[in-house]
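A.B. asks: Structure in structure tokens, see below.
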Amino acid sequence: MYQIIAPTLFQNKICRLPGVGTLIMVSHSAETDFVNGRIKAPFETIDFIAAETDENLFNEFSAMSELVIKELNENGSVLLPGIGTFTKINSAVIQFIAVSVESVFNQSIEVERVIRQDASHPMLVGDQQTTNVKMSGFFNEQPTKSNRWWIWAILLAIIGIGTLIVYFYLGGKMSLGNSNFY
């Protein structure tokens, strides 16, 4: 008689059992495991939310819920094929243990990262859009030495010419202190 609960749960992703609680299908997305070179398969789990004691809900599962409660009170546990087991802890707490899915259905796959050296693709660097080719050129570019020796040569020439102009302006008589250079 419990065989109608599983198809309803898997199709609607939710099944409310009045007086017992709510079964919910929770989807988990695929996960990447770069270290081991694998992609783990997506999977679903069944979560259980216990019903509030003052809940007055009536639906198509009300009769089955009463049977579940009756069997829990008598045996302490109820097995729902393909879904899991309800167990009663103490006199008021209902716990649900979901059936684990066979690992055959959730196998991970081996992957290998492919890097194409000659393919160009867009990428975001900071807040600017660029390509991998431009960025690789930017990082491989060798800094060029600026060849500016001529600036120092012009500066020394100006100082020398300035010194000669001052020397001839004074009439060829330059002295440093009391000593004469003649």
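Each step along the sequence shown adds one to the number in numbering that gives the first Met the number 0, with nothing skipped, and position 36 is 35. C-beta: ideal position from N, C-alpha, C; glycine also. Only a predicted model underlies this, so the values are computations on that prediction, with no experimental measurement involved.
Is it true that the CB of residue 83 sits closer than 8 Å to the CB of residue 62?
C.D. replies: Going by C-beta atoms, residue 62 is not nearer than 8 Å to residue 83.
A.B. asks: Starting from the Cα of residue 259, find the closest Cα among 159, 160, 9 and 22 and give me that residue.
C.D. replies: As displayed, the chain neither begins before 0 nor continues past 181, which places residue 259 out of reach and without an answer.
A.B. asks: Output the distance between the C-alpha atoms of residue 132 and residue 145, rounded to the nearest integer angstrom.
C.D. replies: 26 Å
A.B. asks: Determine contact between the segment 23–41 and the segment 59–73, defined as no fewer than three beta-carbon pairs at a distance below 8 Å.
C.D. replies: no
A.B. asks: Less than 8 Å between the CB atoms is what I'm expecting for residue 20 and residue 47, so what's the real figure, rounded?
C.D. replies: 6 Å
A.B. asks: Can you list the beta strand (DSSP E) stretches of 3 or more residues lying completely in the segment 111–135, in chain order?
C.D. replies: 121–124 and 127–130
A.B. asks: Indicate whether residue 6 and residue 58 have their beta-carbon atoms separated by less than 8 Å.
C.D. replies: no
A.B. asks: Buried or exposed, going by whether 16 or more other CB atoms sit within 10 Å of the CB of residue 113?
C.D. replies: exposed
A.B. asks: Less than 7 Å between C-beta atoms, sequence neighbours within five positions excluded: which residues of the same chain meet that for residue 75?
C.D. replies: 86 and 87
A.B. asks: Compare the Cα-Cα distances from residue 125 to each of 117, 134 and 119 and report the closest residue.
C.D. replies: 134
A.B. asks: My output table needs one value for residue 69: the three-state DSSP class, helix, strand or coil.
C.D. replies: helix
A.B. asks: Beta strand (DSSP E) containing residue 97: first to last residue?
C.D. replies: 92–97
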